[in-house]
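Asks: Residue numbers (my numbering), protein chains in the order written: chain A, 1 to 185; chain B, 186 to 370; chain C, 371 to 555; chain D, 556 to 740.
4 protein chains.
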Amino acid sequence: MSEVYIPVVLGTAREGRRSEAVAKYVHDIVSATESVRTELVDVRDHLMEATVNDSAESELADKWRAIADEADGFVLVSPEYNHSFPGELKMLIDRAFPEYKHKVFGVCGVSNGPWGGIRMAETIRSVLITLNAVVSNRTVMFSNVNELFDEGGNITDESYTEKVEGLMEDVVWYAQALKTAREAA
Amino acid sequence: MSEVYIPVVLGTAREGRRSEAVAKYVHDIVSATESVRTELVDVRDHLMEATVNDSAESELADKWRAIADEADGFVLVSPEYNHSFPGELKMLIDRAFPEYKHKVFGVCGVSNGPWGGIRMAETIRSVLITLNAVVSNRTVMFSNVNELFDEGGNITDESYTEKVEGLMEDVVWYAQALKTAREAA
Amino acid sequence: MSEVYIPVVLGTAREGRRSEAVAKYVHDIVSATESVRTELVDVRDHLMEATVNDSAESELADKWRAIADEADGFVLVSPEYNHSFPGELKMLIDRAFPEYKHKVFGVCGVSNGPWGGIRMAETIRSVLITLNAVVSNRTVMFSNVNELFDEGGNITDESYTEKVEGLMEDVVWYAQALKTAREAA
Amino acid sequence: MSEVYIPVVLGTAREGRRSEAVAKYVHDIVSATESVRTELVDVRDHLMEATVNDSAESELADKWRAIADEADGFVLVSPEYNHSFPGELKMLIDRAFPEYKHKVFGVCGVSNGPWGGIRMAETIRSVLITLNAVVSNRTVMFSNVNELFDEGGNITDESYTEKVEGLMEDVVWYAQALKTAREAA
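#1: Hey, would you say aspartate 187(A) sits closer than 7 Å to lysine 179(A), going by beta carbons?
#2: Mind checking which residues open and close the beta strand (DSSP E) that includes serine 633(D)?
#3: Can you grab the Cα-Cα spacing for the pair glutamate 702(D) / leucine 631(D), in whole Å?
#4: Taking threonine 139(A) and glycine 166(A) to be in contact with their CB atoms under 8 Å, please state how far apart those CB atoms are, rounded to whole angstroms.
#5: Rounded to whole angstroms, what is the Cα-Cα separation between aspartate 342(B) and valine 330(B)?
#6: Go to leucine 195(B), then tell me how far its beta strand (DSSP E) extends in each direction, as first and last residue.
#7: Can you pull the chain A residues whose beta carbon is under 9 Å from the beta carbon of glutamate 492(C), in chain order?
#8: Tryptophan 434(C) touches chain A at which residues, Cβ-Cβ below 8 Å?
#9: Measuring alpha carbon to alpha carbon, tell me which residue in Glu224(B), Gly302(B), Tyr285(B), Lys248(B) is nearest alanine 360(B).
#10: Should alanine 555(C) be labelled buried (16 or more other beta-carbon atoms within 10 Å of its own) or exposed?
#11: Whose C-beta lies closer than 7 Å to the C-beta of alanine 246(B) among residues of the same chain, with five residues either side of it excluded?
#12: Can you pull the chain A residues whose beta carbon is under 7 Å from the beta carbon of threonine 685(D), in chain order?
#13: With a threshold of 7 Å between beta carbons, is methionine 276(B) in contact with chain A?
#14: Could you round the C-beta distance between glycine 291(B) and valine 356(B) to whole angstroms and report it? I think they count as a contact, below 8 Å.
#15: State yes or no: is the beta carbon of glutamate 80(A) nearer than 7 Å to at least one beta carbon in chain B?
#16: Which residue from Gly272(B), Arg222(B), Ala306(B) puts its Cα closest to that of leucine 92(A)?
#17: For methionine 696(D), which three-state DSSP category applies?
#18: Which ranges does the alpha helix (DSSP H) cover as unbroken runs of at least 4 residues, wholly within the region 456 to 490 of chain C, from first to last along the chain?
#19: Contact criterion: CB-CB distance below 7 Å. Does glycine 294(B) meet it with respect to chain A?
#20: Please state the DSSP three-state secondary structure of methionine 47(A).
#21: Let me check understanding here. Comparing Cα to Cα, which of Val104(A), Ala177(A), Gly16(A) lies closest to leucine 201(A)?
#22: With the cut-off set at 7 Å, would you say asparagine 692(D) and threonine 123(A) are in Cβ contact?
#23: Using alpha carbons as the reference points, say which of Ala732(D), Tyr715(D), Leu595(D), Met696(D) lies closest to isoleucine 622(D).
#24: Output, in chain order, the set of chain C residues within a Cβ distance shorter than 8 Å of aspartate 649(D).
#25: Roughly how far, in whole angstroms, is the beta-carbon of tyrosine 207(B) from the beta-carbon of phenylalanine 282(B), given that I think they are within contact range, below 8 Å?
#26: Do histidine 83(A) and arginine 182(A) have their C-beta atoms within less than 7 Å of each other?
#27: Taking arginine 203(B) as the reference, which of Glu336(B), Ser220(B), Thr223(B), Val349(B) has the closest Cα?
#28: Could you give the DSSP three-state label for isoleucine 494(C): helix, strand or coil?
#29: Considering only DSSP beta bridges, list what valine 591(D) is partnered with.
#30: State the start and end residues of the unbroken alpha helix (DSSP H) segment that holds glutamate 548(C).
#31: Within 8 Å, do at least three Cβ pairs link the region 377 to 385 of chain C to the region 393 to 412 of chain C?
#32: Candidates Lys394(C), Pro484(C), Ser496(C), Lys433(C): which alpha carbon is nearest valine 534(C)'s?
#33: Excluding the 5 residues flanking valine 598(D) on each side, which residues of the same chain have their C-beta closer than 8 Å to its C-beta?
#34: Using the three-state DSSP reduction, which class does serine 506(C) fall into: helix, strand or coil?
#35: Could you check whether proline 79(A) and glycine 117(A) sit closer than 7 Å to each other, using their CB atoms as the reference points?
#36: Let me confirm a value: glutamate 20(A) is counted as buried when at least 16 other C-beta atoms fall within 10 Å, else exposed. Which label applies?
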């Protein structure tokens, strides 16, 4: 298998965000996945100034477009706000378009309730298909996140490892299949 | 009928935004609606700085929460980006929650293609219900917006007036019904 | 408060359906709700013959339209098949339209996994708003349904009672508010 | 390129259905597409009797599962009822599951209004991803269908040919890419 580049994107910028621990945990598993090169992309590092500023906009937008262009797939780690994604994640996604074509997205939802961001994972599907991208159905839901990590930042429920590995199995399958076809075209 | 307060929210901050002309046009009709008091809320005036800043955050958040608390309903005017809403509109919405309970939302979609933001209007429904709010089905779609207004900012297709008035008929019906019930509770 | 009529609709016709026990349980709570008159509507009793048959169609359609017309609101009890509703429930819903206007829907999801039909409850929202209806956000998710009822058909987790009562509180609030406004119009 | 099998599925059973002319038109274009073998599947031929009947169920279900198993992709032609798909199409889809894995769906929407079934095409996305399938973004919307075909059943707006060919370009690209990867696995 040829190497594929699959960045992990942390999709919330809120203070006190619990998804950061999840993103690091997911990033560790992605890093350990055979044939996968990755990086942790923090939406905070991509936020524009409030007042739209062309030069800042284009510099940050170019930075994201370069990552998206190089990527063969993406793993989004995002909380659910009002059954949907954070606005800042949508702003990041909207900054590119042709860069996503025929690539794959995996989704990890996070919430502090029992449902693990499952509705964010559902409602973002329509957006991701619109990017001419593929969405893996192997979504992982991180529920009750406030109790999920110990003080050292280690996950307390080991069953998540298998779930994320299952997601990665599907994401890598798609990433390889689509990369092969893109390069043959 | 008692007076209801229904602000019109312009949901995009992008430079060159065509939705601004639509929002002003919709605002004029809402202003002329019997028993309705309104205001044009521009999401640009509510954007936070990129780096999350608590004091700025809470001042701007308080400003929006005060508007939302006073409102009996809302008319959103928003373009469609990738079949969904702009991130900045979601950030604004997410800043309040109890303020929306048992109030009504009307939606006007905007696009420069033939479909008029119809998918944004569809996919935002789930978010709005989550706010414990009601969504009118009388959505108005502003298609081909680049040619819809003349140089003086006047709409060139008069049929939109009837559509927005139809939306307002339903929004005011709900706003009155829900206000009466909220005050009786 | 004036009486409101809120039928409970069992939305699956599959053999061995577990949602039947849930529908009966929900129906019992709805029956015991102050100011509410109800009935259990089984989608099985409303299925048409496979080959479209006009006379059968219109007799069954009329039966449903009469119920929908009389109703002030509805509580749907439905499993989730492939993150959405059963086809037979959609066929029933599509048989009426003006009958739903300015009425309220509550939703109870059912699944044998941990997520309790939560995605069915999410994806049906768009359909229900299209009926010019209101959707309560107080959705109840019945998870792990295979273990939820004992051999006598009694629920083994009493916490569901409070959840369904919470849903009914919101459904009745809307049903009363909208009925008052419909009758005043 | 190896041959791929991509049946066209007509998703409504209603009397007087206008989607039938669209399905035949789409089927002609799919038939003429290089490297594609196809067939027109009519949901009417797959309807079960109203009362769930095991033997009928399993014979019809087996028939659909055999088609789905052999297929490399699918083109759905479906009207929009209440912003979503017909119930009978959902019943057909729900009869298989592993057969869809890592295959592609294209969607053609039909309506007699201006929006061409665009919301059906949007809301079915979540279902199709749940099948572990891929959804092409090159959806084709057939608007104002009552005036779209002449008395001889010929389309009166030739611009649709290019749109359906564009959809097929993407569907075949995915079908080939995924078939290659499935066979290599």
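A virtual CB, placed ideally from N, CA and C, is assigned to each residue, including glycine.
Predicted, not measured: the structure shown is a model, and the values here were computed from it.
Replies: Inspection of the coordinates gives the following:
#1: The question about residue 187(A) has no answer here: the residues shown for chain A are numbered 1 through 185.
#2: 628 to 634
#3: 21 Å
#4: Actually they are not in contact, since the Cβ atoms of threonine 139(A) and glycine 166(A) sit about 10 Å apart, beyond 8 Å.
#5: 11 Å
#6: 193 to 195
#7: His83, Ile118, Arg119, Glu122, Thr123
#8: Neighbours of tryptophan 434(C) on chain A: none; closest Cβ ~29 Å, over 8 Å.
#9: Out of Glu224(B), Gly302(B), Tyr285(B), Lys248(B), Tyr285(B) has the C-alpha closest to the C-alpha of alanine 360(B).
#10: It counts as exposed.
#11: Arg280
#12: Close partners of threonine 685(D) in chain A (Cβ separation under 7 Å): Asn137.
#13: yes
#14: Going by Cβ atoms, the distance from glycine 291(B) to valine 356(B) rounds to 4 Å, so yes, they are a contact pair.
#15: Under the 7 Å criterion on CB atoms, glutamate 80(A) is classed as non-interfacial with respect to chain B.
#16: Gly272(B)
#17: strand
#18: 457 to 463
#19: no
#20: One detail in the question is off: residue 47(A) reads as leucine in this sequence, not methionine. Per DSSP, reduced to three states, the secondary structure at leucine 47(A) is coil, with no helix or strand assignment.
#21: The shown model of chain A, from 1 to 185, leaves out residue 201(A), and the question about it has no answer.
#22: no
#23: Looking at the Cα atoms, Leu595(D) is the closest of the given residues.
#24: Tyr451, Asn452, Pro456, Gly457
#25: In the sequence as presented, tyrosine is not what sits at residue 207(B); that position holds valine. About 27 Å separates the Cβ atoms of valine 207(B) and phenylalanine 282(B), ruling out a contact at the 8 Å cut-off.
#26: no
#27: Glu336(B)
#28: coil
#29: Val559(D)
#30: The question names glutamate, but residue 548(C) is leucine in the sequence shown. Looking at the DSSP string, the run of the alpha helix (DSSP H) that includes leucine 548(C) is 529 to 554.
#31: The region 393 to 412 of chain C makes contact with the region 377 to 385 of chain C, as at least three CB pairs between them are under 8 Å.
#32: Lys394(C)
#33: Cβ contact annotation for valine 598(D) (same chain, cutoff 8 Å, sequence separation greater than five): Val564, Leu565, Gly566, Thr567, Ala568, Pro641, Glu643, Leu644, Leu647, in chain order.
#34: coil
#35: yes
#36: buried
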